[in-house]
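Visitor: The numbers in the sequence shown follow the UniProt record's numbering, run straight up by one, and end at 159.
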Amino acid sequence: MNICVSAKTIVTHPWLALVFRLYIAGLFIYAGMYKINYTAEFAETIAGYRIAPYWSVNFMAIVMPWIELICGILLVCGIRVRSAIAVTGSLLVLFTVGIAVNLLRDSPISCGCFHTMDDAISWLTLARDLIWVAMAVHVFFYDAVFRMERKFDWFAKEI
1 MNICVSAKTI
11 VTHPWLALVF
21 RLYIAGLFIY
31 AGMYKINYTA
41 EFAETIAGYR
51 IAPYWSVNFM
61 AIVMPWIELI
71 CGILLVCGIR
81 VRSAIAVTGS
91 LLVLFTVGIA
101 VNLLRDSPIS
111 CGCFHTMDDA
121 ISWLTLARDL
131 IWVAMAVHVF
141 FYDAVFRMER
151 KFDWFAKEI
């Protein structure tokens, strides 16, 4: 019984959530910066997934990297963490579903997560994304360390 309590304490610890939050933030900042620089290539990657309607591909290629970058910055700074991780987690679920669908289709496409010339998607890519989704869920429920919005509560109350 004591081991279960210790394991639960470690798994639900806010410092672990902070590590996960900073890890996911770094992923999204890096991925967003790359996609912002190579928007046309990212649009081709989105089109390769064959999930989004053709008329939305360019819009998604322009908007999605900025959402990733902004959410990553918010997570690093500790501002609106629950909102940022909810958006980030939703994007991760979207990416995971896209990878799963294309694995079932047996499409030889690259992930497009960090580079347009990545290796082809595999079941390991799907497992990696599922781990990231689990990290995002953990951050959503257990993050409580180094949140900047608490430093400015006095300002929000005056407004």
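All C-beta atoms in this analysis are idealised placements derived from N, C-alpha and C, irrespective of residue type, glycine included. As the structure is a computational prediction, the values presented were derived from the model and not from experiment.
(1) Could you tell me the boundaries of the alpha helix (DSSP H) in which I62 lies?
(2) Closest by CA to T39, which one among G112, F95, M135?
(3) Identify the residues that DSSP records as bridge partners of S122: which are they?
(4) DSSP state of S110, grouped into three classes?
(5) Could you work out which residue in A84, G72, F95, D143 is closest to R50 when comparing CA atoms only?
(6) Using the Cα positions of W21 and W66, report the straight-line distance between them to the nearest angstrom.
(7) Report the residue from I85, T125, F114 whose alpha carbon sits nearest the alpha carbon of L103.
(8) If I85 sits next to L75, beta carbons under 8 Å apart, how far is it from one beta carbon to the other, in whole angstroms?
(9) Starting from the C-beta of V133, find all residues in its chain whose C-beta is less than 8 Å away, skip the five residues before and the five after it, and write them out in chain order.
(10) Is D143 helix, strand or coil by DSSP?
(11) Beta-carbon within less than 7 Å of A100's beta-carbon, same chain only, minus the 5 sequence neighbours each way: which residues are those?
(12) Under 8 Å between the Cβ atoms of P14 and D143?
Guide: Quick look at the numbers:
(1) In the sequence shown, residue 62 corresponds to position 62, counting from 1. Start and end: 57-77.
(2) Within the sequence shown, the letter at position 39 stands for residue 39. The shortest C-alpha separation from T39 is found at G112.
(3) Working through the sequence shown from its first residue, we reach residue 122 at position 122. DSSP, once it has assigned bridges, lists no residue as partnering S122.
(4) Locating residue 110 in the sequence shown gives position 110, where the first residue counts as 1. If DSSP states are grouped into helix, strand and coil, S110 belongs with the strands.
(5) Numbered from 1 along the sequence shown, position 50 holds the residue referred to as residue 50. When each option's Cα is compared against that of R50, the closest is F95.
(6) Here residue 21 refers to the residue found at position 21 of the sequence shown. Here residue 66 refers to the residue found at position 66 of the sequence shown. Reading off the sequence, residue 21 comes out as Arg, not Trp. Rounded to the nearest angstrom, the two C-alpha atoms are 18 Å apart.
(7) Mapped onto the sequence shown, residue 103 falls at position 103. With distances taken between Cα atoms, L103 lies closest to T125.
(8) Here residue 85 refers to the residue found at position 85 of the sequence shown. Here residue 75 refers to the residue found at position 75 of the sequence shown. At roughly 7 Å, the Cβ-Cβ gap stays under 8 Å, so I85 and L75 are in contact.
(9) Your numbering for residue 133 matches position 133 in the sequence shown. G89, L92, V93, T96.
(10) Walking along the sequence shown from the start, residue 143 turns up at place 143. Correct three-state label for D143: coil.
(11) Taking the sequence shown and counting its residues from 1, one reaches residue 100 at position 100. Contacts found: L126.
(12) By one-based count along the sequence shown, residue 14 stands at place 14. By one-based count along the sequence shown, residue 143 stands at place 143. Yes, Cβ-Cβ distance for P14 and D143 is below 8 Å.
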